[in-house]
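Trainee:
Protein chains: 2
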Amino acid sequence: MPPGSLTILPVPGLPEIERAADLAAMIAEAVELFDDDVVVVTQKVVSKAEGRMVEIDPGDPAAKRRLAESEAVRVLRRRGDLVITETRHGYVCANSGIDLSNVAEGRAALLPEDPDRSARRIRDGLRARTGRRVAVIVSDTFGRAWRRGVVDVAIGCAGIRGIVDLRGSLDALGRQLVATEMCLVDEIAGAAELVMGKASGVPVAVVRGVDPAALGDGSVAGEVVRPCSEDLFR
Amino acid sequence: MPPGSLTILPVPGLPEIERAADLAAMIAEAVELFDDDVVVVTQKVVSKAEGRMVEIDPGDPAAKRRLAESEAVRVLRRRGDLVITETRHGYVCANSGIDLSNVAEGRAALLPEDPDRSARRIRDGLRARTGRRVAVIVSDTFGRAWRRGVVDVAIGCAGIRGIVDLRGSLDALGRQLVATEMCLVDEIAGAAELVMGKASGVPVAVVRGVDPAALGDGSVAGEVVRPCSEDLFR
Numbered sequence: 001m002p003p004g005s006l007t008i009l010p011v012p013g014l015p016e017i018e019r020a021a022d023l024a025a026m027i028a029e030a031v032e033l034f035d036d037d038v039v040v041v042t043q044k045v046v047s048k049a050e051g052r053m054v055e056i057d058p059g060d061p062a063a064k065r066r067l068a069e070s071e072a073v074r075v076l077r078r079r080g081d082l083v084i085t086e087t088r089h090g091y092v093c094a095n096s097g098i099d100l101s102n103v104a105e106g107r108a109a110l111l112p113e114d115p116d117r118s119a120r121r122i123r124d125g126l127r128a129r130t131g132r133r134v135a136v137i138v139s140d141t142f143g144r145a146w147r148r149g150v151v152d153v154a155i156g157c158a159g160i161r162g163i164v165d166l167r168g169s170l171d172a173l174g175r176q177l178v179a180t181e182m183c184l185v186d187e188i189a190g191a192a193e194l195v196m197g198k199a200s201g202v203p204v205a206v207v208r209g210v211d212p213a214a215l216g217d218g219s220v221a222g223e224v225v226r227p228c229s230e231d232l233f234r
Numbered sequence: 235m236p237p238g239s240l241t242i243l244p245v246p247g248l249p250e251i252e253r254a255a256d257l258a259a260m261i262a263e264a265v266e267l268f269d270d271d272v273v274v275v276t277q278k279v280v281s282k283a284e285g286r287m288v289e290i291d292p293g294d295p296a297a298k299r300r301l302a303e304s305e306a307v308r309v310l311r312r313r314g315d316l317v318i319t320e321t322r323h324g325y326v327c328a329n330s331g332i333d334l335s336n337v338a339e340g341r342a343a344l345l346p347e348d349p350d351r352s353a354r355r356i357r358d359g360l361r362a363r364t365g366r367r368v369a370v371i372v373s374d375t376f377g378r379a380w381r382r383g384v385v386d387v388a389i390g391c392a393g394i395r396g397i398v399d400l401r402g403s404l405d406a407l408g409r410q411l412v413a414t415e416m417c418l419v420d421e422i423a424g425a426a427e428l429v430m431g432k433a434s435g436v437p438v439a440v441v442r443g444v445d446p447a448a449l450g451d452g453s454v455a456g457e458v459v460r461p462c463s464e465d466l467f468r
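Heads up: the sequence lines are chains A and B, in that order. Under the working numbering, the first sequence has 6 at position 6, and the numbering climbs by one with no breaks. Just add 234 to wherever you are in the second sequence, counting from 1, and you've got the working numbering.
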């Protein structure tokens, strides 16, 4: 590979994830990892492994909305049975991130209680099994204000900084850059979706070649979630 | 490369871009392209090539804000000299996308007049020079509501669909997916930034391995820009 390039590998062949599944063991079995790899795991398999499934009445069209409201600390907008909420993690998303696709009929997947902790557990498990120093991102699919369509973003991370702060570094003309805080974990989560989306049932991808300067302690809760007090749009 | 994987290559070695520069010729010179490659070009070099540079008083701290307001159709929020605006293209972003980094002192780069058209021109130029059928995305760095940090998104595209609509397709359990309209062009723009950000002065990247189902006619203006009338947050 040319220097500076990046590779994204889908990790197919994982079994259906049940409660208490050891995701790290399954991933370590399915793919060879190297130091500085970033392993992206979709929220749904994390939620399944962590037993974050609840029952929902498939015959009640308002059941999802009521469940979403019960998972929210704040409802920002409503349109029909869609609610845009702020979750207790501080994410703003549709229906508190509750998901009915790729789960059994009559069941719904809630978000992990603490996705940064979920990411740390998987990272530690991968380290123990492979000896490799990898980063882990837990991703989910969110809509956005002002733009159509959804993209995958990071809801938890470990071993990688949520935001890489380029303030104070110089641009190509030697002038100081101002306020260029790149949210690399969101870009990586979206990049991973590009290989996951091609085939359904691929909930894990490996991103190889991420700038090592981005690797280190980080969290989505502490870095990426924007507190309401500094948000111009809440 | 394993099947289903994706590679992102930075394109270094482009000269400093001047007004009327032939970007397609420069890119074709700098990198070997293949059918179905997606070439991501940052807004700044497109704006420079299209002569979208204006003078700005470097001693006046409010000059950028005034220029941003003159480029806006609507000001959504203000904080000090920062304005969040809606541009005439329909993008919602900081300071109407006006950029003072990596441009000469006393100059500011405006957004291209029609970034979809810019993308089409570059795609057509690459086709003429290389014979390859490639897609082109013009990217820019935008902030987001609710989440800290900035990410690269698509402001124009050609040869690729802005949104890939998975509504009506089936999930892995054979149930119908609802409203999964992925904004692949934004995910690709962000992915490309991961290799551009590592070294300053790399304004172009090639993304190889994008799902061919995403390739075809598309535009950011027609697909990704959310009209104010359907936006819950304007």
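Glycine residues also receive a C-beta, built at the ideal position from the N, C-alpha and C atoms.
Strictly below 8 angstroms CB to CB, what residues from chain B border E18/A?
Mentor: Within 8 angstroms Cβ-Cβ: nothing; E18/A doesn't reach chain B, min ~14 angstroms.
Trainee: Is there at least one non-hydrogen atom of the ligand NAD closer than 7 angstroms to the beta-carbon of G424/B?
Mentor: Summarising the ligand content, the structure contains no ligands, and the ligand NAD is consequently not present.
Trainee: Nearest to D218/B by CA position, among R361/B, I397/B, R382/B and E320/B, is which residue?
Mentor: Absent from the structure is residue 218/B, since the part of chain B shown begins at 235 and ends at 468.
Trainee: What is the C-beta distance between D116/A and A158/A, in whole angstroms, given that I count them as a contact (C-beta under 8 angstroms)?
Mentor: 7 angstroms
Trainee: Who pairs with S139/A in a beta bridge, going by DSSP?
Mentor: Per DSSP, T42/A and A154/A.
Trainee: Any C-beta of chain A within less than 8 angstroms: which residues of the segment 416-432 of chain B qualify?
Mentor: M416, C417, L418, D420, E421, I422, G424, A425, E427, L428, V429, G431 and K432
Trainee: Is it the case that the Cβ atoms of T42/A and M196/A are separated by a distance below 8 angstroms?
Mentor: yes
Trainee: So, V40/A versus I160/A, is the Cβ gap smaller than 8 angstroms?
Mentor: No, these two residues do not count as a Cβ contact at 8 angstroms.
Trainee: At which residues does the alpha helix (DSSP H) containing A191/A begin and terminate?
Mentor: L184 to M196
Trainee: When you compare only the Cα positions, how much space is there between A455/B and L173/A?
Mentor: 32 angstroms
Trainee: With a threshold of 8 angstroms between beta carbons, is A362/B in contact with chain A?
Mentor: Output row for A362/B: interface = no.
Trainee: Does any C-beta atom of chain B lie closer than 8 angstroms to the C-beta of D57/A?
Mentor: no
Trainee: Among the candidates V151/A, V153/A and R147/A, whose CA atom is the shortest distance from the CA of E457/B?
Mentor: Of V151/A, V153/A and R147/A, the residue nearest in Cα terms is R147/A.
Trainee: Short of 7 angstroms Cβ to Cβ, which residues in the segment 203-221 of chain A face chain B?
Mentor: Here the close residues are V210 and D211.
Trainee: Is the Cβ-Cβ distance between R366/B and F467/B less than 8 angstroms?
Mentor: no
Trainee: How would you list, in chain order, the residues of chain A whose beta-carbon sits under 8 angstroms from the beta-carbon of I394/B?
Mentor: Simply none; closest approach about 12 angstroms.
Trainee: Give the residues from the segment 331-355 of chain B that approach chain A closer than 8 angstroms (Cβ to any Cβ), ordered along the chain.
Mentor: Along the segment 331-355 of chain B, the positions whose C-beta sits under 8 angstroms from a C-beta of chain A are S335, N336, V337, A338 and E339, read in chain order.
Trainee: If you measure between the beta carbons of S281/B and A343/B, is that distance less than 8 angstroms?
Mentor: yes
Trainee: From the DSSP output, in three-state form, read off M260/B for me.
Mentor: helix
Trainee: Consider the Cβ of I261/B: report whether some Cβ of chain A lies at a distance smaller than 8 angstroms.
Mentor: no
Trainee: If you draw a straight line from the C-alpha of L9/A to the C-alpha of R308/B, how long is it?
Mentor: Using only the alpha carbons, I get a separation of about 42 angstroms.
Trainee: Let me confirm a value: L184/A is counted as buried when at least 16 other C-beta atoms fall within 10 Å, else exposed. Which label applies?
Mentor: buried
Trainee: L243/B touches chain A at which residues, Cβ-Cβ below 9 angstroms?
Mentor: Per Cβ cutoff of 9 angstroms: M1, P2, G4, S5 and L6.
Trainee: What is the DSSP secondary structure of E105/A, reduced to helix, strand or coil?
Mentor: coil
Trainee: Given A205/A, which residues of its chain have a CB within under 7 angstroms of its CB, disregarding the five upstream and five downstream residues?
Mentor: I8, L9, P10, V11, V40, A192, V195 and M196
Trainee: Could you check if R253/B is buried or exposed, using at least 16 other CB atoms within 10 Å of its CB as the buried criterion?
Mentor: It is exposed - the Cβ of R253/B has fewer than 16 other Cβ atoms within 10 Å.
Trainee: Alpha carbon to alpha carbon, what distance is there between R409/B and L14/A?
Mentor: 20 angstroms
Trainee: By a C-beta neighbour count over all protein chains shown, 10 Å radius and 16 as the cutoff for buried, is R313/B buried or exposed?
Mentor: The residue is exposed, with fewer than 16 neighbouring Cβ atoms inside 10 Å.
Trainee: Can you tell me whether DSSP reads L67/A as helix, strand or coil?
Mentor: Helix at L67/A.
Trainee: In whole angstroms, what is the alpha-carbon distance linking N95/A and C462/B?
Mentor: 22 angstroms
Trainee: Closest by CA to R129/A, which one among L6/A, R144/A and E32/A?
Mentor: E32/A
Trainee: Is D124/A helix, strand or coil when you go by DSSP?
Mentor: helix
Trainee: Would you kindly check if the distance between the Cβ of D81/A and the Cβ of R65/A is under 8 angstroms?
Mentor: yes
Trainee: With respect to the alpha helix (DSSP H) encompassing A221/A, which residues constitute its N-terminal and C-terminal limits?
Mentor: Its alpha helix (DSSP H) spans residues V220 to E223.
Trainee: When the Cα of D241/A is compared with those of D217/A, R208/A, A213/A and L111/A, which residue comes out closest?
Mentor: Since the first residue shown for chain A is 1 and the last is 234, residue 241/A is missing from the structure and cannot be characterised.
Trainee: Considering only their Cβ atoms, is the gap separating D374/B from D386/B smaller than 8 angstroms?
Mentor: yes
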